[in-house]
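Engineer: Protein chains in written order, with my numbering: chain A, 67 to 592; chain B, 67 to 592. For glycine and all other residues, C-beta sits at the position ideal for the given N, C-alpha and C.
Protein chains: 2
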Amino acid sequence: MTRLIEVLDTTLRDGAQGEGVSFSREDKIKIVHALDALGVDYIEAGNPAASPRDAALFAELARQSGPAHATLVAFGATCRAGANADNDPGLRALIESEAPVISLFGKSWRFHVDEVLKVSVEENLRMIGDSVAYLVKCGRRVFFDAEHFFDGYATDPDYAMATLRAAADAGAERLVLCDTNGGGLSGEFGRITAEVCAQFDLPVAIHCHNDLGLATAGTLEAVQHGADQVQGTLGGFGERCGNADLCQIIPNLVFKMGFQCLPDDNLRALASSARYIAEVANTSVPANAPFVGRSAFAHKGGMHIDGMVKNRRTFEHIDPESVGNRSRYLISEMAGRGALATRLAALAPDLRKDSAETGDLVVMFKALEGEGYTFEDADGSLELRILGALNRRERFFEVLDFHVISRKPDDARNSQAYVKIQVGNEVEITAEEGNGPVNALDLAIRKALTRFYPALKATRLQDFKVRVVGGSGTASRVRVHIESTDGTNSWATVGVSENVIEASFIALTDSIEYMLMNEKRKNGEG
Amino acid sequence: MTRLIEVLDTTLRDGAQGEGVSFSREDKIKIVHALDALGVDYIEAGNPAASPRDAALFAELARQSGPAHATLVAFGATCRAGANADNDPGLRALIESEAPVISLFGKSWRFHVDEVLKVSVEENLRMIGDSVAYLVKCGRRVFFDAEHFFDGYATDPDYAMATLRAAADAGAERLVLCDTNGGGLSGEFGRITAEVCAQFDLPVAIHCHNDLGLATAGTLEAVQHGADQVQGTLGGFGERCGNADLCQIIPNLVFKMGFQCLPDDNLRALASSARYIAEVANTSVPANAPFVGRSAFAHKGGMHIDGMVKNRRTFEHIDPESVGNRSRYLISEMAGRGALATRLAALAPDLRKDSAETGDLVVMFKALEGEGYTFEDADGSLELRILGALNRRERFFEVLDFHVISRKPDDARNSQAYVKIQVGNEVEITAEEGNGPVNALDLAIRKALTRFYPALKATRLQDFKVRVVGGSGTASRVRVHIESTDGTNSWATVGVSENVIEASFIALTDSIEYMLMNEKRKNGEG
Numbered sequence: 067m068t069r070l071i072e073v074l075d076t077t078l079r080d081g082a083q084g085e086g087v088s089f090s091r092e093d094k095i096k097i098v099h100a101l102d103a104l105g106v107d108y109i110e111a112g113n114p115a116a117s118p119r120d121a122a123l124f125a126e127l128a129r130q131s132g133p134a135h136a137t138l139v140a141f142g143a144t145c146r147a148g149a150n151a152d153n154d155p156g157l158r159a160l161i162e163s164e165a166p167v168i169s170l171f172g173k174s175w176r177f178h179v180d181e182v183l184k185v186s187v188e189e190n191l192r193m194i195g196d197s198v199a200y201l202v203k204c205g206r207r208v209f210f211d212a213e214h215f216f217d218g219y220a221t222d223p224d225y226a227m228a229t230l231r232a233a234a235d236a237g238a239e240r241l242v243l244c245d246t247n248g249g250g251l252s253g254e255f256g257r258i259t260a261e262v263c264a265q266f267d268l269p270v271a272i273h274c275h276n277d278l279g280l281a282t283a284g285t286l287e288a289v290q291h292g293a294d295q296v297q298g299t300l301g302g303f304g305e306r307c308g309n310a311d312l313c314q315i316i317p318n319l320v321f322k323m324g325f326q327c328l329p330d331d332n333l334r335a336l337a338s339s340a341r342y343i344a345e346v347a348n349t350s351v352p353a354n355a356p357f358v359g360r361s362a363f364a365h366k367g368g369m370h371i372d373g374m375v376k377n378r379r380t381f382e383h384i385d386p387e388s389v390g391n392r393s394r395y396l397i398s399e400m401a402g403r404g405a406l407a408t409r410l411a412a413l414a415p416d417l418r419k420d421s422a423e424t425g426d427l428v429v430m431f432k433a434l435e436g437e438g439y440t441f442e443d444a445d446g447s448l449e450l451r452i453l454g455a456l457n458r459r460e461r462f463f464e465v466l467d468f469h470v471i472s473r474k475p476d477d478a479r480n481s482q483a484y485v486k487i488q489v490g491n492e493v494e495i496t497a498e499e500g501n502g503p504v505n506a507l508d509l510a511i512r513k514a515l516t517r518f519y520p521a522l523k524a525t526r527l528q529d530f531k532v533r534v535v536g537g538s539g540t541a542s543r544v545r546v547h548i549e550s551t552d553g554t555n556s557w558a559t560v561g562v563s564e565n566v567i568e569a570s571f572i573a574l575t576d577s578i579e580y581m582l583m584n585e586k587r588k589n590g591e592g
Numbered sequence: 067m068t069r070l071i072e073v074l075d076t077t078l079r080d081g082a083q084g085e086g087v088s089f090s091r092e093d094k095i096k097i098v099h100a101l102d103a104l105g106v107d108y109i110e111a112g113n114p115a116a117s118p119r120d121a122a123l124f125a126e127l128a129r130q131s132g133p134a135h136a137t138l139v140a141f142g143a144t145c146r147a148g149a150n151a152d153n154d155p156g157l158r159a160l161i162e163s164e165a166p167v168i169s170l171f172g173k174s175w176r177f178h179v180d181e182v183l184k185v186s187v188e189e190n191l192r193m194i195g196d197s198v199a200y201l202v203k204c205g206r207r208v209f210f211d212a213e214h215f216f217d218g219y220a221t222d223p224d225y226a227m228a229t230l231r232a233a234a235d236a237g238a239e240r241l242v243l244c245d246t247n248g249g250g251l252s253g254e255f256g257r258i259t260a261e262v263c264a265q266f267d268l269p270v271a272i273h274c275h276n277d278l279g280l281a282t283a284g285t286l287e288a289v290q291h292g293a294d295q296v297q298g299t300l301g302g303f304g305e306r307c308g309n310a311d312l313c314q315i316i317p318n319l320v321f322k323m324g325f326q327c328l329p330d331d332n333l334r335a336l337a338s339s340a341r342y343i344a345e346v347a348n349t350s351v352p353a354n355a356p357f358v359g360r361s362a363f364a365h366k367g368g369m370h371i372d373g374m375v376k377n378r379r380t381f382e383h384i385d386p387e388s389v390g391n392r393s394r395y396l397i398s399e400m401a402g403r404g405a406l407a408t409r410l411a412a413l414a415p416d417l418r419k420d421s422a423e424t425g426d427l428v429v430m431f432k433a434l435e436g437e438g439y440t441f442e443d444a445d446g447s448l449e450l451r452i453l454g455a456l457n458r459r460e461r462f463f464e465v466l467d468f469h470v471i472s473r474k475p476d477d478a479r480n481s482q483a484y485v486k487i488q489v490g491n492e493v494e495i496t497a498e499e500g501n502g503p504v505n506a507l508d509l510a511i512r513k514a515l516t517r518f519y520p521a522l523k524a525t526r527l528q529d530f531k532v533r534v535v536g537g538s539g540t541a542s543r544v545r546v547h548i549e550s551t552d553g554t555n556s557w558a559t560v561g562v563s564e565n566v567i568e569a570s571f572i573a574l575t576d577s578i579e580y581m582l583m584n585e586k587r588k589n590g591e592g
């Protein structure tokens, strides 16, 4: 039987330590649900003792009755030096988070006990043991995070082992071996993990950082030598060079090493989950990311493409679709019709995978992607583009003209937009002011259209993101991504242009058209 | 004595296969000189048989009498099936490149011999042997690139070894073991490399790709088991997920494993060399890149910063300066006075951690973070805000007024900006047009200021990001993050407002002021 490896994702805790990473509460809840849907076993969602915002997140998750499949984990420190575990505010906050599992971290490196904690080695062991015992007494499962374990083992293996022993004897369920500084060689991790597994009758977890570029290797090495749980972040978010990247670790474990990990079919959602979380973090999956990057199966060399045409196995080490990715040929554009097939089944059930229209759609989307569009996270625009190309898109309005004036701000509403819009045979001219040109334009277009489409009143923009795609500086191409809501449903649209106003205009008008189209369908008129 | 490991960089050959990578001849010559200055042993500069542009590059390098320290390498295929090596146009092009070393690639995987070459296994061995012998006869040193060696060894080890034997017997100087598809597990590479080293009395090279996220691990594993040359690209450029990244491999070999590699002091130029090559490639070193990334030694967690202040070794696995990088303390809500104090040490050494001004600064930054600012990735604005609060910020200009008009786009340059700027007692009024309001405003401000500060001409915006922070829709608060460069250094600034134009205006003017302040310091006037 293949060994089952548990997955713990710490994007919301250790991942949030990454430079430039900052999640709102809504972002965090989105990420919990995305990880849950992917099938990770444990979601470490924050440190409720150190951060009131994390405490509020746990309270909110408890109110929503948490994720469906995954188990929530709260992270925090042992009790303080000289303090009683029963009476420690940090441990109390962990209990109050209502998380069923606590990742309790303690020092395993004597150097840190001396230099940072500045307590005796015995007191450190007491803090670990008492804290674990207290949490267990309160009905929590405890994973003991042995901070700096590998550095500690290198200088004083007996003491590093004694910290694990203190946690195990007090009732910890998992021993987590951490390479906190990311400075350990992966080869060492196997040997040391095997040693821990030999001495303890508890599942062991491995927690690596990528400071040497070896986090994936170290994690696999530890599993090979007995670790039963891998810890990391989906996309490698994390302090300095990031945590071990689960997007690399999981497919390696499953496809290259034959372990079991996540419900089987879920691996096909790996790439889209990674892109979704990156989008929430307002970043993007690096094109060259192993397994899930846009370029991970992109073939450019002439000889490589020649080989691929003869047999895909010549230059692809796995089937890209097994992780939800796809092959791309950068010189001779070839069809990825399969990707569109599921969409078309709903939108245009009369079209077949091998029909001429499907081929034309593939060509159109490839060209749009070349311009910087991504439709992965913009279903609304994707649907409108498909219907448009098939001449099945209804036009609800046309913006004949607009201009926007923005001034040096004296008060917030410093921008004025003028619009001229046609609906049927009627033309409406109006204006509105707003906070910035895009807001003013959005408000003016809605004002002009509300007379014709009163349902628009209930909708509003929920999120608005801009980023440069390819090129450099403010003059290069930008992608505007908009999320809209009517309070119940939400939908996303996208626009790309050299010009941020035009990109915003495309995404805004797509958003309104998509809403009107769905409104009409809902009312049975479509 | 420590073993000396040779370095071969293939940025210009295999690296150029990366998606979006495209080097002009001038770019390539710049990169050759940068690699040469860093001290790599071999520079694989292209495939003169397959590309006339590469042939012209070798001719140009020969005319310039090539790099000073490094040896140039030309890459190419064996002679064709059934063809005579003495009379093969591809081999002739390699000779004509005048490169002293030829990387000659041949098939080591039977599957490829059958499916791609479609020749007999004997003919493949003949092609390898004859081609090597011919090049050696012409006075060239030959490195034999055993393509797909590890895949070949896994399915037919005897045949894979026979291809190496054919090359060795014909006079090859190095046997290069390639994981061309990047699909091999690093653990295997050690065992197989040891087997090759045992059977051949020739130096062995290792050439990995990063499709599993294991290129660094595989390379180190092979060196540990006897390989004497590492191949990769400085920055990990390359097809799909990239080649093995020499920025990771070299410091691991030297600092973690005790090998010798590059002239000693040159490692201090690693980070700047990587940034320079990335800049030439019109990309940038990822912030989280091990060793050389901007975040590689950036500390954000409060407990980590506390530890670092007590002893840097607590959270840094090497001295960042040994690879030309530096420690950074990120100011975020997670950290407090400790992080700020490390900044103040450089900016205002007279202030203490417990002085009243420091307390005021902490309060100010907490308020700004509440508004949606994050300074952890905006060093420029952070510094300006600190100096401003201490009344130590010099004002180089004041924007008295501006307005921007944006129209429904007919062509890209649809926005016009008017600005009125004061410098000292002089007032400059001017205008500019651009692609969108922010671009137009940026260009107009620079136009007005260049008369006073000509150094501004050399600077440009490199990246521009917008995201909504807290709140909802286009009318909510937005954060604009800008990265600027003068070609050598780069710096980041940030602005937050309900209004995207104002947020951009803050980040833009911060960027210019920060540059002018540093320019003045550099000229010893500050």
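Indicate whether at least one CB of chain C lies closer than 7 Å to the CB of residue 157 of chain A.
Structural biologist: This model lacks chain C altogether, as its protein chains are A and B.
Engineer: Determine whether the beta carbon atoms of residue 550 of chain A and residue 527 of chain A lie at a separation below 7 Å.
Structural biologist: Their beta carbons are under 7 Å apart, which means residue 550 of chain A touches residue 527 of chain A by this criterion.
Engineer: Okay, do the region 161-168 of chain B and the region 203-220 of chain B touch, 3+ Cβ pairs below 8 Å being the bar?
Structural biologist: Yes, they touch.
Engineer: Counting only C-beta atoms, is residue 585 of chain B closer than 7 Å to chain A at any point?
Structural biologist: With 7 Å as the cut-off, residue 585 of chain B does not count as an interface residue toward chain A.
Engineer: Applying the 10 Å Cβ sphere with the 16-neighbour rule, what's the burial state of residue 320 of chain B?
Structural biologist: It counts as buried.
Engineer: Would you mind stating whether residue 354 of chain A and residue 279 of chain B have Cβ atoms separated by less than 7 Å?
Structural biologist: No, they are not a contact pair.
Engineer: Go ahead and pull the three-state DSSP assignment for residue 226 of chain B.
Structural biologist: In the structure shown, residue 226 of chain B sits in a helix (DSSP, three-state: H, G or I).
Engineer: Using a Cβ-Cβ distance cut-off of 7 Å, determine whether residue 146 of chain A contacts chain B.
Structural biologist: No, its Cβ sits nowhere closer than 7 Å to a Cβ of chain B.
Engineer: So residue 452 of chain A is in the beta strand (DSSP E); what residue range does that whole segment cover?
Structural biologist: First-last for residue 452 of chain A: 445-455, but that is the alpha helix (DSSP H), not the beta strand (DSSP E).
Engineer: Contact between the region 557-577 of chain A and the region 431-446 of chain A is defined here as three or more beta-carbon pairs at a separation below 8 Å; is this criterion met?
Structural biologist: Verdict: yes, contact present.
Engineer: In three-state DSSP terms, what is residue 493 of chain B?
Structural biologist: Looking at residue 493 of chain B - three-state DSSP - the assignment turns out to be strand.
Engineer: Give the secondary structure of residue 482 of chain A by DSSP, where H, G and I count as helix, E and B as strand, and everything else as coil.
Structural biologist: Three-state DSSP puts residue 482 of chain A in a strand.
Engineer: So for residue 81 of chain A, helix, strand or coil by DSSP?
Structural biologist: In the structure shown, residue 81 of chain A sits in a helix (DSSP, three-state: H, G or I).
Engineer: Taking the alpha carbon of residue 254 of chain A as the reference point, which residue from A:438, A:232, A:272 has its own alpha carbon closest?
Structural biologist: Taking only the C-alpha atoms, the option nearest residue 254 of chain A is A:272.
Engineer: If you count every other CB in all the chains shown that lies within 10 Å of the CB of residue 495 of chain A, and 16 or more means buried, which is it?
Structural biologist: Label assigned to residue 495 of chain A: exposed.
Engineer: How many Å lie between residue 513 of chain B and residue 456 of chain B at the Cα?
Structural biologist: Taking the straight line joining both Cα atoms gives about 30 Å.
Engineer: According to DSSP, is residue 130 of chain A helix, strand or coil?
Structural biologist: The answer is coil: DSSP assigns residue 130 of chain A none of H, G, I, E or B.
Engineer: Quick check: the region 295-308 of chain A against the region 280-287 of chain A, are there 3 or more CB pairs under 8 Å?
Structural biologist: Contact between the region 295-308 of chain A and the region 280-287 of chain A is present, because at least three Cβ pairs lie under 8 Å.
Engineer: Would you give the residue range spanned by the beta strand (DSSP E) that residue 472 of chain B belongs to?
Structural biologist: Run containing residue 472 of chain B: 464-473, per the beta strand (DSSP E) assignment.
Engineer: Whose Cβ in chain B lies nearer than 9 Å to the Cβ of residue 314 of chain A?
Structural biologist: Within 9 Å Cβ-Cβ: 278, 279, 280.
Engineer: Using a Cβ-Cβ cut-off of 6 Å (strictly less than) and excluding sequence neighbours within five positions of residue 621 of chain A, which residues of its own chain qualify?
Structural biologist: Within the shown structure, residues of chain A are numbered from 67 to 592, placing residue 621 of chain A beyond reach of any answer.
Engineer: Name the one or two DSSP bridge partners that residue 556 of chain A has.
Structural biologist: Bridge partners of residue 556 of chain A: A:551.
Engineer: What are the boundary residues of the alpha helix (DSSP H) that residue 165 of chain A is part of?
Structural biologist: Run containing residue 165 of chain A: none; DSSP gives neither H nor E here.
Engineer: Put residue 108 of chain A into one of helix, strand or coil per three-state DSSP.
Structural biologist: It is a strand residue.
Engineer: Do residue 81 of chain B and residue 304 of chain B have their C-beta atoms within less than 7 Å of each other?
Structural biologist: Yes, the pair counts as a contact, with Cβ atoms nearer than the cut-off.
Engineer: Can you tell me whether residue 191 of chain B is helix, strand or coil according to DSSP?
Structural biologist: In this structure, residue 191 of chain B counts as helix in the three-state DSSP scheme.
Engineer: Would you list the residues sitting across from residue 545 of chain B in a DSSP beta bridge?
Structural biologist: Its beta-bridge partners are B:533, B:562.
Engineer: Distance, Cα to Cα, residue 431 of chain A vs residue 101 of chain A?
Structural biologist: Distance between the alpha carbons of residue 431 of chain A and residue 101 of chain A is about 28 Å.
Engineer: Quick one: Cα of residue 68 of chain B to Cα of residue 323 of chain B, how far?
Structural biologist: Between residue 68 of chain B and residue 323 of chain B, the C-alpha separation is close to 10 Å.
Engineer: Relative to the alpha-carbon of residue 343 of chain B, which residue among B:327, B:373, B:318, B:312 has its alpha-carbon at the smallest distance?
Structural biologist: Ranking the options by Cα distance to residue 343 of chain B, first place goes to B:312.
Engineer: Taking the C-alpha atoms as reference points, what is the distance between residue 181 of chain A and residue 377 of chain B?
Structural biologist: Their Cα atoms are separated by approximately 7 Å.
Engineer: Taking 6 Å as the limit between beta carbons, can you name the residues of its chain near residue 262 of chain B, skipping five residues before and five after?
Structural biologist: The answer, listed in chain order, is 270.
Engineer: Whose C-beta lies closer than 6 Å to the C-beta of residue 433 of chain B among residues of the same chain, with five residues either side of it excluded?
Structural biologist: For residue 433 of chain B, where only same-chain residues beyond five positions count, there are no Cβ hits under 6 Å.
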